[in-house]
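Novice: The structure's right below; bear with me while I get my questions together.
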Amino acid sequence: MRHSHLFIPTLKEDPAEAEAISHKLMVRAGYVRQIAAGLYIYLPLGRRVLHKINQIIREEMNAIGGQEVTMPVLNPAEVWQQTGRWDAVGEEMFRLKDRGGRDMCLAMTHEETMTWLAAHDIRSYRDLPQTWYQIQTKLRDEARPKSGVLRTREFTMKDSYSFDRDEDGLDKSYQCHLDAYKKIYERCGLKFYVVQSETGMMGGSGAHEFMAPSSAGEDVVALCDSCGYAANVELALSVPKTPTFSGWTYEEIATPEKRTIEEVTRFLKLTPDLFIKSILLMADHGPVLALVRGDQTLHEKKLAKFIGQHRTAEKDEVKKALGVPAGFIGPMGHKIRIIADRSLQEGSYVAGANKEGYHVRGVTSKEHFKNAEFADIHTAEAGDGCAECGKPLRTERVIEIGNIFKLGTKYSAPLKAQYLDESGAEKPIVMGSYGIGPARIAAAAIEQGNDENGIIWPLSLAPYDLLILPVNVKDPATMETAEGFTTALEKKGFAVLIDDREERAGIKFKDADLIGIPYRIVVGEKNLKDGMVEFKDRRSGSVEKIAVADAIHTVEQRLVMEA
RNA sequence: CGGGGCGUGGCGCAGCCCGGUAGCGCGUCUGCUUUGGGAGCAGAAAGUCGGAGGUUCAAAUCCUCUCGCCCCGACCA
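Residues 15 to 577 in my numbering are what the first sequence lists, from first letter to last.
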């Protein structure tokens with residue numbers, strides 16, 4: 015392909031709106047343009063990358079027996095009403111009415127329509143198992159689109175759905191997907207983790223996420239290098255280090271105007287792990303007091319599993335519910351529900367005295383908050399002990415590039431997706447759902463592969479395998495050689511881009527680095543006189559002179575070896 | 001939805017506090033020179049200063065409202 019025939023609008027400067035490296039580079043290198051918040055145009059290069067990712071996904075999905083289908087993006091309300099998600103989802107779903115006034119929505123995922131299909135056309139255990147997938151547009155009215163292509167309002171997703179007769183079948187389908195996903199990300203050249211995850215709005219009994227480490231990510235995972243425990247911090251269990259307790263007797267201490275843990279620790283010259291942080295939350299069923307250790311952070315998603323939807327209480331609500339000004343709450347003597355972090359079961363702590371200007375020390379669970387329920391509600395932090403093996407955990411910021419869920423019968427039951435077993439009994443189909451975000455794979459690959467000059471693609475994702483760069487297009491010998499390479503290598507099946515623009519060498523080199531094609535042949539007049547050209551590896555930066563006569567053979571070997 | 005920031009030629013920005021001629025760099029177009037890491041010189045085109053209202057003799061600049069984009073948080077199949 016000739017560069018002069020392609021639309022590759024590169025930019026010398028970073029776009030003002032971009033923060034994430036992948037976002038800056040995708041825009042600068044001419045892969046995407048943003049038309050509105052969370053809505054992107056994929057330019058020729060960007061489209062090629064997505065296409066390559068989608069092909070890898072297709073191959074691996076087909077390899078586990080997946081069958082590609084296409085679901086409509088525009089959905090009738092009924093199916094969503096039947097599963098309850100029409101009401102459960104809220105503002106994140108784009109809704110509209112057709113000309114007849116019927117409620118419709120733009121699909122944000124396709125459990126409903128896939129299950130509808132299964133309900134209509136799967137009758138017998140003989141029809142099972144099935145795995146259906148699509149690579150299709152999803153629309154979500156995101157509260158906050160961000161980080162370029164990482165969180166958008168319209169995006170394509172590979173989503174697949176497995177249909178089995180029972181849990182055993184589901185386990186097999188789930189495992190097949192897990193293995194296929196690993197292959198997909200490996201082929202995409204990504205560093206990634208498989209971690210335990212929340213089931214979120216999908217519901218269901220088990221879930222994993224595939225996470226690509228990157229500072230641009232929105233999630234954090236806790237990892238144990240010792241036993242391999244890996245989980246999203248939304249659910250990661252950890253055992254904080256036990257502090258050294260003093261043999262305090264229960265007594266009040268005056269702490270005038272010292273409200274925050276930081277203020278009180280400084281005032282009393284104690285470490286924060288000897289404090290109890292008492293946080294009042296307003297849940298649907300009334301106020302709840304949450305207790306975590308002073309050095310820990312309450313994880314509201316963990317807490318939500320016990321008390322449901324909630325928010326932190328306002329100052330006057332604290333006063334009203336507990337009769338104590340905020341900043342001096344202690345766990346003692348309250349009638350309301352108390353959820354305490356497990357780490358507080360042992361030890362003697364400092365806590366608010368339930369009295370303005372005072373704290374107390376010597377607070378223990380056995381004497382002072384016997385009525386509390388104990389659970390892991392703190393955020394796992396680096397250095398905490400692994401809940402499995404006790405060794406220290408580390409944490410890492412990651413991009414979620416895929417997830418897999420065991421749905422069970424959450425969707426098949428309401429949509430009546432049933433089959434008849436051998437004995438003629440009607441049973442609900444047992445389902446799984448599995449997602450991959452191709453654009454996130456592309457962004458993660460850039461986050462993990464770039465330098466100060468631009469993108470460094472893995473060969474498997476690069477828009478072109480090889481760039482031929484004739485330094486001076488006006489030199490006939492140069493062009494003859496360069497075009498000869500292009501034709502010969504294209505015939506061999508490689509995707510070749512020749513930079514035939516009448517630009518200065520500097521511009522072409524800069525653009526080449528920016529765009530990030532993994533290999534480059536530079537055809538220059540001086541080298542050509544000696545029968546040589548340069549072969550450059552974008553990743554290592556290494557340059558070697560190779561004979562014109564050997565060039566095609568050398569390149570072919572190199573590319574085949576890497577592929 | 002809460003907090004913060006920003007909207008000025010295609011792109012990146014200055015000007016705004018302290019009202020009075022719209023400016024810089026890059027890009028684009030023309031010509032000449034140059035030609036292996038984002039060239040030089042000369043010339044040119046291109047801006048309702050996000051929008052609406054107001055204050056004023058006069059508004060990019062001050063006031064009010066509004067729209068958009070980005071960041072932090074909440075939210076997130």
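Glycine is no exception: its CB is placed at the ideal position from the N, C-alpha and C atoms.
Since we're looking at a predicted model, the values are computed, not measured.
1) What is the DSSP secondary structure of K291, counted as helix, strand or coil?
2) Please state whether the Cβ-Cβ distance between A577 and G203 is less than 9 angstroms.
3) Quick check: the Cα distance between H567 and K26, rounded to an integer number of angstroms?
4) Can you check whether the CB of K488 is closer than 9 angstroms to the CB of E516?
5) Quick check: what's the CA-CA separation for S240 versus G341?
6) Taking the alpha carbon of W262 as the reference point, which residue from E276, I275, L284 and Y243 has its own alpha carbon closest?
7) Taking the beta strand (DSSP E) that H373 belongs to, which residues open and close that run?
8) L184 to T145, Cα distance in whole Å?
9) If you follow the alpha helix (DSSP H) that P58 is part of, which residue opens it and which one closes it?
10) I'd like to know whether the C-beta atoms of E168 and G60 end up nearer to each other than 9 angstroms.
11) Measure the C-alpha to C-alpha separation of K430 and P442 and round it to an integer number of angstroms.
12) Run through DSSP, which three-state label would A396 get?
13) With a CB to CB cut of under 8 angstroms and the five nearest residues on each side skipped, what residues in its chain are close to T158?
14) Once the 5 residues before and after D141 are set aside, which same chain residues still bring their CB inside 7 angstroms of it?
15) Do L475 and V63 count as a contact pair if the criterion is CB distance below 9 angstroms?
16) What's the C-alpha gap between A133 and G347?
17) Going by alpha carbons, who is nearest to V574 out of D309, D479 and A519?
18) If the criterion is Cβ atoms closer than 9 angstroms, does the pair A236 and H37 meet it?
19) Skipping 5 residues on each side, what residues in its chain have a beta carbon closer than 8 angstroms to that of T495?
20) Within the chosen definition, does the segment 65-78 reach the segment 441-456 through at least 3 CB pairs nearer than 8 angstroms?
21) Which whole runs of the beta strand (DSSP E) in the segment 476-513 are 3 residues long or more, in chain order?
22) Using 8 angstroms for Cβ pairs, my map puts I512 next to A43. What's the rounded Cβ distance?
Specialist: Considering the structure as presented:
1) strand
2) no
3) 35 angstroms
4) yes
5) 40 angstroms
6) L284
7) Y372 to V377
8) 11 angstroms
9) P58 to A77
10) no
11) 7 angstroms
12) coil
13) Rather than Thr, the amino acid found at residue 158 in this sequence is Arg. Here the set comprises R165.
14) Y433
15) yes
16) 54 angstroms
17) D479
18) no
19) P484, V537, L542, V547 and V562
20) yes
21) 480-484 and 510-512
22) The pair is not a contact, with the Cβ atoms about 18 angstroms apart (cut-off 8 angstroms).
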